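Asker:
Number of protein chains: 2
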Amino acid sequence: MADEGATSIWMQPEEHERSGPGRRPGYTREQITRTAVQIADAEGVEAATMRRIAGELGTGAMSLYRYVPRRDDLFDLMIDLAMSEIELPDGPSGDWRSDLTLLARQIRAAGLRHPWLIALLTSRPTLGPNLLRVHEFALGTFTGTGLDIDDTTGFVGMLNDYVNSAIRREIGWLEEARRTGLDPERWKRDYMGPYVRQVVETGAFPLFNRSVLDSRTGHLTPEERFRHGLDRILDAIAALIPSLCPR
Amino acid sequence: MADEGATSIWMQPEEHERSGPGRRPGYTREQITRTAVQIADAEGVEAATMRRIAGELGTGAMSLYRYVPRRDDLFDLMIDLAMSEIELPDGPSGDWRSDLTLLARQIRAAGLRHPWLIALLTSRPTLGPNLLRVHEFALGTFTGTGLDIDDTTGFVGMLNDYVNSAIRREIGWLEEARRTGLDPERWKRDYMGPYVRQVVETGAFPLFNRSVLDSRTGHLTPEERFRHGLDRILDAIAALIPSLCPR
DNA sequence: AACCATTCAGGTACCATGTACGCAAATGGA
DNA sequence: TCCATTTGCGTACATGGTACCTGAATGGTT
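Chains as they are written, first to last, in my numbering: chain A, 1 to 247; chain B, 248 to 494.
Structure (structure tokens):
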């Protein structure tokens, strides 16, 4: 091969059904990726080391390098595998609001199933086939609204930003607790809790205090909170679509 | 000390001017943090290892642990130091739109000066004093608009999400190029470029293609692009403030 | 059937990292 | 002068990615 790994993993597809001499591969990229995802789901990405993945498959760490050039590329594959679980209709229904709501809930579900997903997704610029598929669906929901492509990508970006940060908020503390080894209850009570309480009691940041103490949405379930924020974003988008809100 | 590091770094302030026996500290938390920031600015966070920071200070790696409990805490300190550079007026001016514009530009400037900032900030839930200061200012810009605290935090979140993801977009490729060791030109041409071109030529994602090929904003400078997106977010917020846009 | 170029499996090894531990040096009060 | 206390930091260990190399498996060719 001429390309010495100095190219995107998506340019180096796995070759199935080779004909010719040589030992037959005993594993698959997908099998390796799936194993990595399982470990990361259960114990966090940092547990999905090459040795650990290989061990789970009953082989040695170096064997994985026959299928994946570098560990970072495995991250791209994991992201794409998680995105492949997002089920969407064949095409937009014509009602962008309900389509985007469906999409947002699917992404949230995937983000909760795979608590590492959003962190990886936002930490590296990757464009796997399934991310492209989802992105294309999102762009397509605005067909017929008269928006040009720049406004369309802008709105999709707004939605995406909201979904990502909402998911991050929802799992942020839990993940941090797991990473430090404390159980979530202890972490909230012993680690972050006392500090927040101290800040609140100082009274130096009155509006922050109100956002902690006087929040109405704080009593909602995570899903309700997500839906509420999502509706606000969709309201914002609706307000900016000229064909809907003449100004 | 009773607390065995199982508490936030902000709860363990550095003690200056101790009286009593014992050798005097030769370094400072701030000095160490500043060194770490310099290294990270120039060569990326992954270069700011304990050994490297210590080496830069002319000492041994383990000396740092007299000042910082864990490496992760050093990240929190770095974030806060970067946020401390954000200069804001003493209080909101009463014009939320211009205040938030000022704030967004300051954050963008800090994010470009410290390309690791946004990645760290969004990868861990941290609440350093300077982050609180900036957040409080943002919340305060809406005083007088009649918004309740939940709507206020929602809007500040929207702005924050935009600023973060815009900065990430702006430096994403550059950082990735640096991390892989290629210079930016080569990376865009040899690594990501060919793949995007291949995707475009396949024609499987027509709207994605238009977003790549037919973009008007693609010809703007990064700063103009940032401003344009920012104005759209502020438009969206304005459209949702009841006292401004009766519905 | 024998041979061989080709491909995979995976052990060993190297280097870098965070950090626990322990001891020597420095310090100021008694 | 002595000593409890605190800092400086070398040593050591566990864990990580991954380069390199040897041996085993495989299917076409002779």
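Every residue gets a Cβ at the ideal spot worked out from N, C-alpha and C, and that includes glycine.
The model shown is predicted, which means the values in this text are computed figures rather than measured ones.
Along the chain, where does the alpha helix (DSSP H) that runs through V443/B open and close?
Answerer: 440 to 449
Asker: Give, in chain order, every residue of the region 422 to 433 of chain B whose Cβ lies closer than 7 Å to some Cβ of chain A.
Answerer: E423
Asker: Pull up the distance between the alpha-carbon of E249/A and that of Q38/A, whole angstroms please.
Answerer: Missing from the structure shown is residue 249/A; chain A here goes from 1 to 247 and no further.
Asker: Pull out every residue of the region 472 to 489 of chain B whose Cβ sits closer than 8 Å to any Cβ of chain A, in chain order.
Answerer: G476, R479, I480, D482, A483, I484, A486, L487
Asker: Could you check what DSSP says for T280/B in three-state terms: helix, strand or coil?
Answerer: helix
Asker: Please list the partners that W363/B has in chain A, where partner means a Cβ-to-Cβ separation under 8 Å.
Answerer: None at all; the shortest Cβ gap to chain A is about 11 Å.
Asker: Which residues of the region 107 to 136 of chain A have a Cβ closer than 8 Å to any Cβ of chain B? Give them in chain order.
Answerer: A119, T122, S123, R124, P125, L127, L132, R133, H135, E136
Asker: Determine the direct distance from the alpha carbon of H382/B to that of L454/B, and round the result to whole angstroms.
Answerer: 37 Å
Asker: Using a Cβ-Cβ cut-off of less than 7 Å, give me the residues of the region 62 to 90 of chain A that come near chain B, in sequence order.
Answerer: Residues: none.
Asker: Using a Cβ-Cβ cut-off of less than 9 Å, list which residues of the region 441 to 459 of chain B approach chain A; keep chain order.
Answerer: P441, Y442, V443, Q445, V446, A451, F452, P453, L454, F455, R457, S458
Asker: Can you list, in chain order, the residues of its chain whose CB lies under 6 Å from that of L230/A, leaving out five sequence neighbours each side?
Answerer: A104
Asker: Any C-beta of chain A sitting closer than 8 Å to the C-beta of I396/B?
Answerer: I396/B counts as touching chain A.
Asker: Any beta carbon from chain A within less than 8 Å of W343/B's own beta carbon?
Answerer: no
Asker: Taking C-beta pairs closer than 8 Å, name the residues in chain A that R463/B reaches, listed in chain order.
Answerer: D148, D150, listed in chain order.
Asker: Give the DSSP-derived three-state secondary structure of V68/A in the structure shown.
Answerer: In the three-state reduction of the DSSP assignment, V68/A falls in the coil class.
Asker: Using only the alpha-carbon positions, how far apart do R189/A and R108/A sit?
Answerer: The straight-line gap from Cα to Cα measures roughly 27 Å.
Asker: Would you mind sorting A2/A into buried or exposed? The rule is 16 or more other CB atoms within 10 Å of its CB.
Answerer: Because A2/A carries a pLDDT of 35, less than 50, the predicted location of this residue cannot be relied on, and the following value inherits that uncertainty. Exposed is the call here.
Asker: Going along the region 287 to 306 of chain B in order, which residues come within less than 9 Å of chain A, judged by CB to CB distance?
Answerer: none
Asker: Give the secondary structure of E251/B by DSSP, where H, G and I count as helix, E and B as strand, and everything else as coil.
Answerer: With a pLDDT of only 47 at E251/B, under the threshold of 50, the placement of this residue in the model should not be trusted; the figure read from the coordinates follows. In the three-state reduction of the DSSP assignment, E251/B falls in the coil class, being assigned neither a helical nor a strand state.
Asker: Taking the alpha-carbon positions, what's the T33/A to Y438/B distance?
Answerer: 22 Å
Asker: S462/B to I480/B, Cα distance in whole Å?
Answerer: 19 Å
Asker: If you pair each beta-carbon of the region 87 to 101 of chain A with each one of the region 67 to 75 of chain A, do three or more pairs fall below 8 Å?
Answerer: no
Asker: Is the beta carbon of G419/B less than 8 Å from the beta carbon of P89/A?
Answerer: no
Asker: Determine the closest residue to F205/A out of D398/B, R270/B, A385/B, with distance taken between C-alpha atoms.
Answerer: The shortest C-alpha separation from F205/A is found at A385/B.
Asker: Locate the alpha helix (DSSP H) running through T388/B, then write down its first and last residues.
Answerer: From DSSP, T388/B is part of no alpha helix (DSSP H); its letter is neither H nor E.
Asker: Rank A239/A, D183/A, Y27/A, V156/A by C-alpha distance to the C-alpha of V68/A and give the top, closest one.
Answerer: Y27/A
Asker: Excluding the 5 residues flanking I333/B on each side, which residues of the same chain have their C-beta closer than 7 Å to its C-beta?
Answerer: Q353, I354, A357, V381
Asker: Against chain B, does S93/A count as a neighbour if the rule is that its beta carbon must be under 8 Å from one of theirs?
Answerer: No, because no Cβ of chain B sits closer than 8 Å to the Cβ of S93/A.
Asker: Whose Cβ in chain A lies nearer than 8 Å to the Cβ of L386/B?
Answerer: L207, F208, S211
Asker: At the level of alpha carbons, what is the spacing between P376/B and E261/B?
Answerer: Computed Cα separation, rounded: 14 Å.
Asker: So, under 8 Å CB-CB, I53/A and I118/A are touching, yes? Tell me the CB distance rounded to an integer number of Å.
Answerer: I53/A to I118/A, Cβ: 21 Å. No contact.
Asker: Where does R247/A land, buried or exposed, given buried means 16+ other C-beta within 10 angstroms?
Answerer: Reliability of the predicted coordinates at R247/A is poor, the pLDDT of 45 falling under 50, and no value is obtained from them.
Asker: Compare the C-beta of D99/A with all C-beta atoms of chain B and state if any pair is closer than 8 Å.
Answerer: no
Asker: Using a Cβ distance threshold of 8 Å, determine whether the region 138 to 149 of chain A contacts the region 235 to 245 of chain A, with at least three qualifying pairs required.
Answerer: yes
Asker: What's the gap between the Cα of N164/A and the Cα of R298/B?
Answerer: 35 Å
Asker: Under a three-way DSSP split, which group does G341/B fall into?
Answerer: If DSSP states are grouped into helix, strand and coil, G341/B belongs with coil.
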